Structures are given as C-alpha cells and as structure tokens.
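Written out below as structure tokens is the structure these notes cover.
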Amino acid sequence: MKTLAPSLILFFTFHMSFAQFEPNYDERKVPVFELPDLLVTNNGRKIRSSRKWIRKRRPELFAFFENNVFGKVPGKVDNLSFKTIEQDDDVLNGKAKRRQIEVTLTKNGRSLSFGILLYLPKNSDKAPIFLGYNFYGNHTITKDPKVIVSQAWSMNNKELGVTDNLPTSLSRGMRSHRWPIEKIVDGGFGLATIYYGEVDPDKNDFSDGIHSLFYNDGQQRPDSDEWGSIAAWAFGLSRAMDCLENENEINALKVIVFGHSRLGKSALWAGATDERFSGVISNDSGCGGAALSKRKFGETLSQINANFPHWFCDTFKQYNENEEALPIDQHQLLALIAPRPLYIASAVEDEWADPKGEFLSTFHATPVYDLFEKKGITSNEMPEVNQPIQNTLAYHIRTGVHDVTDFDWEQYIKWAGKHLK
Ligand code: GTR
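Per the working numbering, residue 7 is the first one in the sequence shown, and the count goes up by one each step.
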C-alpha cells in the first residue's frame with residue numbers, strides 16, 4: 007500500500023491546524039488551571055530565602071526552560087572578534103556619536119558576522135545603554151544614510167520594499183517610529199541595535215545562521231533539546247554583550263536588553279541566561295514570552311509551534327494542545343531574571359499576545375523579587391490603561407496595537423533612569 011510522504015503529512019497537519027484554530031478572546035472561556043509554584047522545589051521543599059532560590063530552585067527552573075522550551079546552546083564559540091568599521095563623533099545635531107561594529111564568531115572553522123549599530127550620548131563618558139534587535143536591518147531604524155544595509159536574508163515586506171528576501175535601502179528609516187534615538191540619547195542613554203537575521207535568519211531552515219557553525223560532521227539540525235531560533239537570538243545578544251564589555255565608551259554594568267514581540271521573547275531568555283544584562287524589557291512578547299501559556303488566550307503553544315516550528319526546541323512541542331501537562335509557566339521565566347529590573351509591557355489591542363496573561367505572569371513573579379526585598383507588582387488587578395507601575399518589576403498596558411511606541415520608550419527611559427542610573 008502506498009503511504010503519504012512525510013512532507014505531505016506535515017503539509018496537512020500544518021494547514022489543518024490553521025483552518026481549525028479559533029483563538030479564544032473570551033475571559034470566561036479561560037480554563038481553570040493551577041499555576042506551578044515558584045517557591046516549591048521539584049521534591050516539595052518550600053523556598054524561603056534568596057540564597058535557597060539561587061542554589062536550589064532557580065537552577066531547576068532554568069534547566070527546564072533550557073531543555074524543554076528554548077533549547078540549549080551546544081558549546082562555546084572558538085573565537086570572537088570585534089572591529090569598528092565606521093564611526094562619526096558628531097551625529098544627531100552634535101548630541102551623539104555613532105559607531106558600527108562588526109562582531110565575528112568562529113566555531114569549527116566556520117564563521118558568522120553581525121553588525122552592531124551604536125549611538126552614544128556625547129555628554130557621557132560611559133553611557134548606560136539599551137540593546138535590542140530590529141526586524142528588518144539597522145538601516146530601518148533611522149534615515150541616517152551612513153547606516154550600513156545588511157546583506158543577510160530578510161523576511162519579505164511589501165510596505166518596506168523587501169521583495170527578494172534581501173534588505174534594501176528602500177526601507178531606510180521606515181521603522182524609525184519604533185526607535186526614538188534622540189529621546190533615548192536625551193534621556194542619557196545610548197542605543198545598540200542589531201539586525202536579528204544576521205544572527206539567525208527567521209525561517210524554518212537550520213542550514214544557515216549561527217546554528218550551522220556548531221554542527222558535528224554530517225549534522226543538519228540541532229538535536230531535539232537544543233536551541234531553536236529564540237535561543238540563538240538570545241545567544242547573539244550575549245555575544246553582543248561580550249563586545250560591549252570591550253568598549254570603553256559604554257557602561258557595561260548598565261546594559262538593558264530590550265525586545266519587541268518575538269524579539270521580546272529573545273530578550274527575556276537572554277536576561278535569564280546571561281546575568282550581565284542589568285535590566286530586561288519585554289514589549290508585547292506574548293506566547294512563549296511573558297504571557298502565561300496555561301490561559302490559552304489568543305496565541306497558543308500549538309499555534310506558535312505550527313507557524314514558527316524553528317523558534318523553540320522540538321521537546322517543547324509535546325505541550326501542544328497539552329498545556330495542562332506543562333510543569334512550568336512563563337511567570338517562572340520572568341522570575342529567572344530576579345532581582346534585576348524587569349519591565350513587561352502590553353497593548354490593549356494586542357489580544358493575540360494576551361495582555362492579561364502578560365500582566366498575571368509579572369504579578370506571579372513577584373514572590374521571588376520579594377525574597378530579594380525588591381518591589382514587584384503587589385495587586386493582581388491590572389492597572390488602568392496608560393498608568394504604568396514602575397517598581398523593580400514594572401508593567402504597563404497602553405492604548406493601541408502590537409507595536410513599539412513613543413509612550414513605551416518614554417516609560418522605559420524613565421524607569422531605567424530610576425532603577426539603573
Ligand atoms: C506573531 C507571533 C507572535 C509574535 C509576533 C511578532 O505572528 O504569533 O508570537 O512573536 O509574530 O514577533 O511580531
């Protein structure tokens with residue numbers, strides 16, 4: 007008997023899950039669930055001190071996220087080098103300096119480079135900075151004609167003029183509304199950004215990007231508990247941090263990692279895996295980011311794993327349509343960042359990302375911040391729209407859609423000024 011080719015089966019499962027899925031946006035239909043306890047160890051011990059959290063509970067939770075959600079990084083790079091390829095000490099009407107640095111990673115004789123675009127306030131010797139990926143290339147965050155256009159694979163986007171999966175100068179400055187560089191510099195911060203596609207192209211193909219440097223002979227994709235793309239992007243942020251630590255114009259003790267949406271998921275995992283990040287901002291990160299998976303509101307695990315099979319490790323897929331079986335939830339990811347400042351933000355019209363689920367996981371991460379005597383979110387009632395709570399653990403929900411706005415940045419700058427400067 008003839009059987010269906012595996013690719014055909016995959017095709018059907020993929021498209022059927024699309025056809026049948028109707029996201030739940032009704033609070034009354036959120037299932038009743040029990041949130042996994044942050045402060046009870048796998049063998050039932052109650053955690054009462056920050057010391058026990060660090061020694062016992064944090065490693066358990068960390069291991070779960072590493073082996074069953076994002077996937078682990080199979081080793082270290084053999085070599086890392088940094089080269090400033092362009093600089094100008096007089097940009098943004100004399101307020102700032104610009105640097106473009108190329109970071110090159112080498113492993114097993116193979117190498118990969120990515121570019122960091124850096125703006126630094128001129129009136130500071132060692133500036134604290136925000137570090138975050140952009141979606142379509144460094145040149146999209148500003149009209150500045152000196153910013154180098156990446157050669158790496160890109161998602162197509164008609165609006166930005168990207169049609170051949172290649173970044174184009176047509177999109178110069180087209181995402182500048184998400185990156186108010188002048189506001190950031192005026193606030194006393196620098197900004198470092200990287201095109202995420204240079205670290206790992208955002209497609210379900212493991213033959214390229216950072217993963218491919220780490221393969222053993224004949225290997226074609228990571229093992230089932232090894233890194234998906236989110237972990238790869240987080241790893242890239244850490245290599246950027248290696249570079250920033252080497253820059254004497256930056257205060258490397260004050261680097262806040264920032265990300266929107268899928269890149270917000272990456273920023274959270276970068277904050278959890280690398281304690282050199284002194285603060286973390288997740289903007290509208292949603293499912294697999296700040297939102298609680300067990301609420302199944304908006305995007306669910308089966309949806310995210312069907313639409314983006316490369317983001318998480320394969321072992322995570324066992325929880326598709328099976329959130330009940332998950333022994334963790336995303337509040338525990340947030341808690342891995344404690345006691346460092348952490349800001350979770352949502353938008354009213356971004357229901358796909360489950361704003362309430364993002365809020366609740368921030369609220370439920372609070373007990374770990376309490377252990378460190380850092381202030382978290384003390385009420386389980388969501389704050390009013392556009393009324394941020396800015397403690398060490400911070401949260402806001404603003405009006406509008408899935409995006410990064412001036413309002414968001416104004417809050418981040420204010421909060422970072424208070425908790426990091
Ligand atoms: C969506 C995805 C979300 C979010 C978003 C983005 O399509 O379902 O999880 O990551 O993309 O990154 O813009």
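The beta-carbon is built from N, C-alpha and C at its ideal position, and this holds for glycine as well. Owing to the predicted nature of the structure, the values given are computational and were not obtained by experimental measurement.
For this session: Note down the Cα distance separating K362 from R61, rounded to an integer number of angstroms.
Result: 31 Å
Exercise. Which residue's Cα is closest to the Cα of G203: R184, Y142 and L340?
Worked result: The alpha carbon of G203 has as its nearest neighbour, out of R184, Y142 and L340, the alpha carbon of Y142.
Problem set entry | Any non-hydrogen atom of the ligand GTR within 7 Å of S267 CB | yes
Exercise. Among G295, I122 and F195, which one has its Cα closest to the Cα of D131?
Worked result: F195
Exercise. Roughly how many angstroms separate the alpha carbons of G277 and A351, rounded to a whole number?
Worked result: Those two C-alpha atoms are separated by around 16 Å.
Exercise. By Cβ distance, which residues of its chain are closer than 6 Å to K89, with the 5 residues on each side in sequence left out?
Worked result: E108
Exercise. Looking at L124 and A238, is the spacing between their C-beta atoms short of 8 Å?
Worked result: no
Problem set entry | Where the alpha helix (DSSP H) through P65 begins and ends | R64 to F71
For this session: Mind checking who L86 pairs with in its DSSP beta bridge?
Result: L111
Exercise. At what residue ranges does the stretch 218-300 contain a whole run of the beta strand (DSSP E), taking only runs of 3 or more?
Worked result: DSSP runs (the beta strand (DSSP E)) wholly in the stretch 218-300: 256-266 and 285-289.
Exercise. Which stretch, first to last residue, makes up the beta strand (DSSP E) that contains T199?
Worked result: G196 to Y201
Exercise. From I135 to I262, what distance separates their C-alpha atoms?
Worked result: I262 has its alpha-carbon roughly 6 Å from the corresponding atom of I135.
For this session: Less than 8 Å between the CB atoms is what I'm expecting for T148 and I187, so what's the real figure, rounded?
Result: With a Cβ gap of about 6 Å, T148 and I187 count as contacting.
For this session: For the beta strand (DSSP E) holding I419, just list the boundary residues, first then last.
Result: Careful: I419 lies outside any beta strand (DSSP E), inside the alpha helix (DSSP H) at D412 to L426.
For this session: Can you grab the Cα-Cα spacing for the pair F179 / L340, in whole Å?
Result: First, the amino acid is wrong: residue 179 is Gly here, not Phe. Each residue's Cα considered, the two are about 32 Å apart.
For this session: Note down, in chain order, each residue of its chain lying with its Cβ closer than 7 Å to the Cβ of V374, except the 5 sequence neighbours on either side.
Result: Correct list, in chain order: L44, W59, A341 and A344.
For this session: Could you give the DSSP three-state label for F369: helix, strand or coil?
Result: Looking at F369 - three-state DSSP - the assignment turns out to be helix.
For this session: Whole angstroms is fine: what's the gap from L243's alpha carbon to E28's?
Result: 35 Å
For this session: Could you work out which residue in Y349, F303, A133 and E40 is closest to E253 when comparing CA atoms only?
Result: A133
Exercise. DSSP state of G363, grouped into three classes?
Worked result: In the structure shown, G363 adopts helical secondary structure according to DSSP, grouped into three states.
Exercise. Under three-state DSSP, which class holds H337?
Worked result: helix
Exercise. Closest by CA to E390, which one among A400, K380, L399 and R404?
Worked result: R404
For this session: Run the proximity test for N3: is its beta-carbon closer than 7 Å to any non-hydrogen atom belonging to the ligand GTR?
Result: No statement about residue 3 is possible, as the shown extent of the chain runs from 7 to 427 and does not include it.
Exercise. S284 to R116, Cα distance in whole Å?
Worked result: 31 Å
Exercise. Under 8 Å between the Cβ atoms of I287 and A297?
Worked result: In this structure, the beta-carbon distance from I287 to A297 does not fall below 8 Å.
Exercise. How about the stretch 317-326 and the stretch 220-233: do they share at least three Cβ pairs that are nearer than 8 Å?
Worked result: Yes: the two stretches touch, three or more of their Cβ pairs being nearer than 8 Å.
Problem set entry | 8 Å Cβ cutoff met for L126 and R245 | For the pair L126 and R245, the CB atoms are not nearer than the 8 Å cut-off.
For this session: Keeping to the same chain, check which residues put their C-beta closer than 6 Å to that of Y418; ignore five residues upstream and five downstream.
Result: I287
For this session: Confirm the yes/no value for this check: CB of E281, any heavy atom of the ligand GTR, distance under 7 Å.
Result: no
Exercise. Given a threshold of 16 other Cβ atoms within 10 Å of its Cβ, counted over all protein chains shown, does S13 qualify as buried or as exposed?
Worked result: Because the pLDDT at S13 is just 46, under 50, the model does not fix this residue reliably, and the value given afterwards should be weighed accordingly. It counts as exposed.
For this session: Rounded to whole angstroms, what's the CA-CA distance from W358 to D96? Just pull it up for me.
Result: Straight-line Cα distance between these residues: approximately 42 Å.
For this session: Below 6 Å CB to CB, which residues in the same chain sit around Q396 once its five sequence neighbours on both sides are set aside?
Result: W421
Exercise. Per DSSP, which one or two residues make a beta bridge with H402?
Worked result: A351
For this session: Excluding the 5 residues preceding and the 5 following H145 in the sequence, name in chain order all residues of the same chain whose CB lies nearer than 6 Å to its CB.
Result: Only V153, V155 and R178 meet the Cβ criterion.
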